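Asker: Quick note on numbering: the sequence shown equals residues 1 to 413 in full-length UniProt numbering.
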Amino acid sequence: MPYSAAPLPVAIIGAGPAGLMAAEVLSAAGVAVAVYDAMPSVGRKFLLAGVGGMNITHAEPYAAFASRYYEQAPWVDQWLQGFNATGVRHWVRGLGLDTFVGSSGRVFPTGMKAAPLLRAWLKRLREQGVAIHTRHHWQGWDEHGHLRMASAQGEHRVAAHATLLALGGASWPRLGSDGAWQGALAERGVALAPLRAANCGFEVQGWSALLREKFAGSPLKTIAMAVEGQPLQPGEAILTETGLEGSLVYALSAAVRQRIEHHGHAWVQIDLLPQRSLANIQAALEKPRGARSMAKHLYGQLKLDGAKAALLRELASQTSFDSPAQLAHAIKALRCQLVRTRPLAEAISSAGGVRRDALTDGLMLKALPGVFCAGEMLDWEAPTGGYLLTACLASGRQAAGGMLDYLAQPGQP
1 MPYSAAPLPV AIIGAGPAGL MAAEVLSAAG VAVAVYDAMP SVGRKFLLAG VGGMNITHAE
61 PYAAFASRYY EQAPWVDQWL QGFNATGVRH WVRGLGLDTF VGSSGRVFPT GMKAAPLLRA
121 WLKRLREQGV AIHTRHHWQG WDEHGHLRMA SAQGEHRVAA HATLLALGGA SWPRLGSDGA
181 WQGALAERGV ALAPLRAANC GFEVQGWSAL LREKFAGSPL KTIAMAVEGQ PLQPGEAILT
241 ETGLEGSLVY ALSAAVRQRI EHHGHAWVQI DLLPQRSLAN IQAALEKPRG ARSMAKHLYG
301 QLKLDGAKAA LLRELASQTS FDSPAQLAHA IKALRCQLVR TRPLAEAISS AGGVRRDALT
361 DGLMLKALPG VFCAGEMLDW EAPTGGYLLT ACLASGRQAA GGMLDYLAQP GQP
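1) Looking at ALA18 and GLY386, is the spacing between their C-beta atoms short of 9 Å?
2) For the putative contact between ALA198 and ALA347, defined by C-beta atoms under 8 Å, what is the C-beta separation to the nearest angstrom?
3) Should ARG106 be labelled buried (16 or more other beta-carbon atoms within 10 Å of its own) or exposed?
4) Between the beta-carbon of VAL371 and the beta-carbon of LEU117, is there less than 9 Å?
5) Can you give me the C-alpha to C-alpha distance between SER253 and ARG259, rounded to a whole angstrom?
6) If you run the structure through DSSP and keep just helix, strand and coil, what is ARG188?
7) Over what stretch of residues does the alpha helix (DSSP H) that includes PRO410 continue unbroken?
8) Could you compute how far the alpha carbon of TYR3 sits from the alpha carbon of ALA32?
9) Within this structure, are the beta carbons of LYS214 and ALA310 separated by less than 9 Å?
10) Under a three-way DSSP split, which group does THR390 fall into?
11) Of the residues ALA22, PRO40, LYS45, which one's Cα is nearest the Cα of ALA34?
12) Report yes if the CB atom of LEU248 is closer than 9 Å to the CB atom of GLY201, and no otherwise.
13) Quick one: Cα of ALA63 to Cα of PRO74, how far?
14) Classify THR57 as buried or exposed, calling it buried when 16 or more other Cβ atoms lie within 10 Å of its own Cβ.
15) Reducing DSSP to helix, strand and coil, say where ARG289 ends up.
16) Among MET364, TRP121, ALA59, which one has its Cα closest to the Cα of GLY43?
17) Excluding sequence positions up to five away, which residues of its chain have a Cβ less than 7 Å from the Cβ of SER67?
18) Taking the C-alpha atoms as reference points, what is the distance between ASP178 and TRP138?
19) Can you name the start and end residues of the alpha helix (DSSP H) that GLN128 belongs to?
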């Protein structure tokens, strides 16, 4: 079984944003770095995320930004102290691309594409001497603690003074993040939280055949939604064959998933017409409709039709259509029961992973000195909107700092 000729200073497993950012910081400090990735090319999920517009971070004030990481906000805040949204924008400009703030506060590179950013980044890494090896599948460690790497040339072993695992979670496994690393870490006593779908769609008990056949895939535009008992959030969603998805649903996904885990289901409240008050809607519905059907009355008075009207018919009680007051209340507070997440492989990101208490502040595994972790394989989550990418980049820098401290210890080469 061939071994690397001499121990590498640093081996990084995973060429996503966290791994590449760590490689940049380490190589800029003069450390020789080799990056290994299982896919034929690097940054595949990064490129996919940029297909609809490369949202790199968010421009909201720091306190609000740091709060987006749910229960793990204090932990992620440690990483963001060294590299926050402002740092991301400076970094992008350093790669030769300008940025701009969209109307929602999301930040994009000029041109809104991921490929130019990745090309400029890889050019910098090559100039700093980073070696990148694609089609190399990490298989864990051998009995001597060497990295087992499988490639087209067969399996070989790599010795490294420090290793960074940046292997992603388990969403979009076809792009390389399949969560297969869990077994190797669990065998060595690393505490893990189960990987679960985040920023995902949810299923209902079952839509009617009419809604599935005529409205699956239809958008619900200009609505507001909340997990019952929480403040409404404006946005858009999509009716699917099995339930609901879309940006507004993703924003609520952590709270919805937690309710399902604890209670077996979650109720969400939907305001189909957030721009109109309850009293205004009731007054409109109380106007005589004559011989017109209820569907035409809803459209004539409220411009409510299509997917919104179909969802109202699906979820409101039949008796509410006989009472303007009840129907107005249903339009403003339509209740929908969600019973499960869509499969993890379909999710935009995953929650769970290496637990905070398994790591030092420098993101080194307490059970495996010299082995560090970063990115989505850590136990944190965030909504879409630039928060995911920012924290992945920041965690890569945090781990790189920890690795530099580790390599500087007495006894390290």
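Every residue, glycine too, gets a C-beta built ideally from N, C-alpha and C. Only a predicted model underlies this, so the values are computations on that prediction, with no experimental measurement involved.
Answerer: The structure says:
1) For this step, residue 386 is matched to residue 386 along the sequence shown. For this step, residue 18 is matched to residue 18 along the sequence shown. No, the Cβ-Cβ distance between GLY386 and ALA18 is not below 9 Å.
2) Start at 1 with the first residue of the sequence shown, and residue 198 comes out as number 198. Start at 1 with the first residue of the sequence shown, and residue 347 comes out as number 347. Yes, ALA198 and ALA347 are in contact; Cβ-Cβ is about 6 Å, under 8 Å.
3) Position 106 of the sequence shown, counted from the first residue, corresponds to residue 106. ARG106 is classed as buried because its beta carbon has at least 16 other beta carbons within 10 Å across all chains shown.
4) Residue mapping note: residue 371 aligns to position 371 of the sequence shown, counting from 1. Residue mapping note: residue 117 aligns to position 117 of the sequence shown, counting from 1. It is not a contact, given that the beta carbons lie outside the stated cut-off.
5) Indexing the sequence shown from 1 puts residue 253 at position 253. Indexing the sequence shown from 1 puts residue 259 at position 259. The straight-line gap from Cα to Cα measures roughly 10 Å.
6) Within the sequence shown, the letter at position 188 stands for residue 188. Reduced to three states, the DSSP call for ARG188 is coil.
7) Position 410 of the sequence shown, counted from the start, is the residue given in the question as residue 410. Unbroken run through PRO410: none, as it is neither H nor E.
8) By 1-based counting over the sequence shown, the position of residue 3 is 3. By 1-based counting over the sequence shown, the position of residue 32 is 32. With a pLDDT of only 49 at TYR3, under the threshold of 50, the placement of this residue in the model should not be trusted, and no figure is reported.
9) As a working note, residue 214 is residue 214 in the sequence shown. As a working note, residue 310 is residue 310 in the sequence shown. The beta carbons of LYS214 and ALA310 sit closer together than 9 Å.
10) Residue mapping note: residue 390 aligns to position 390 of the sequence shown, counting from 1. Look at THR390 here: in three-state DSSP terms it is helix.
11) Within the sequence shown, numbered from 1, the residue matching residue 34 stands at position 34. Taking ALA34 as reference, the option from ALA22, PRO40, LYS45 with the minimal CA-CA separation is ALA22.
12) Counting from 1 along the sequence shown, the entry for residue 248 is found at position 248. Counting from 1 along the sequence shown, the entry for residue 201 is found at position 201. With contacts defined by Cβ atoms closer than 9 Å, LEU248 and GLY201 do not form a contacting pair.
13) In the sequence shown, the residue the question calls residue 63 occupies position 63. In the sequence shown, the residue the question calls residue 74 occupies position 74. Roughly 11 Å between the two C-alpha positions.
14) If you number the sequence shown from 1, residue 57 lands on position 57. Flag for THR57 reads buried.
15) Here the question's residue 289 lines up with position 289 in the sequence shown. In this structure, ARG289 counts as coil in the three-state DSSP scheme.
16) Here residue 43 refers to the residue found at position 43 of the sequence shown. Comparing Cα-Cα distances from GLY43 to each of MET364, TRP121, ALA59, the minimum goes to TRP121.
17) Taking the first residue of the sequence shown as position 1, residue 67 is located at position 67. When the five nearest sequence neighbours on each side are left out, the beta carbons in the same chain lying within less than 7 Å of the beta carbon of SER67 are those of ALA73, in order along the chain.
18) On the sequence shown, residue 178 is found 178 positions in, with the first residue counted as 1. On the sequence shown, residue 138 is found 138 positions in, with the first residue counted as 1. In this structure, the CA atom of ASP178 is about 12 Å from the CA atom of TRP138.
19) Numbered from 1 along the sequence shown, position 128 holds the residue referred to as residue 128. GLN128 -> no alpha helix (DSSP H), and no H or E assigned at all.
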